[in-house]
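In this text, residue positions in the sequence shown follow the numbering used here: the first is 2, and each later residue adds one.
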Amino acid sequence: MPDRISDAVAAVICAARRQHPSWGPAKLLAWLGPRHPALELPAVSTAGELLARRGLVKKRRRRRHNQHPGVVPPTTAQPNDLWTADFKGHFRTRDGLYCYPLTIADQHTR
2 MPDRISDAVA
12 AVICAARRQH
22 PSWGPAKLLA
32 WLGPRHPALE
42 LPAVSTAGEL
52 LARRGLVKKR
62 RRRRHNQHPG
72 VVPPTTAQPN
82 DLWTADFKGH
92 FRTRDGLYCY
102 PLTIADQHTR
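Given below as structure tokens:
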């Protein structure tokens, strides 16, 4: 495989990670570049995958995002029991006057 990381490069990246355990792949590669100009360093994503394969990166727990339960729309028995109003903001018309659109809707027939 021509795109494979050489063992020497992998060893240098892993040694740098052991020396700086809190650094990520981007910082490690930026630090290694000037110190090892002869090495052909991989992309940041490739270095990150290498560190994960070698067990040098802790797997983060994914944070659970709680979804808002939402508001249950009120139910109505017949039309005209409940009306809703929605202010849509304002805008200027061509003659310079402001328009304040307001939507009124019957909840039952919505």
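Using N, Cα and C, we set each Cβ at its ideal position, and we do this for glycine too.
Query - Bridge-paired residues (DSSP) for Thr85 - result: According to DSSP, Thr85 bridges with Ala106.
Query raised in the report: If you draw a straight line from the alpha carbon of Ala106 to that of His66, how long is it in whole angstroms?
Result: A straight-line Cα-Cα distance of about 33 Å links Ala106 and His66.
Report task. With a threshold of 16 other CB atoms inside 10 Å of the CB of Leu103, please say whether the residue is buried or exposed. Result -> Answer is exposed; the Cβ neighbour count stays below 16.
Query raised in the report: Can you give the beta carbon distance from Leu33 to Leu42, rounded, assuming they're within the 8 Å contact cut?
Result: About 6 Å; that satisfies the 8 Å criterion.
Requested in this report: Indicate the three-state DSSP secondary structure (helix, strand or coil) for Arg93 in the structure shown.
Outcome: Reduced to three states, the DSSP call for Arg93 is strand.
Report task. In the DSSP assignment, find the alpha helix (DSSP H) that holds Ile14 and state where it starts and stops. Result -> Segment 8 to 20, the alpha helix (DSSP H) holding Ile14.
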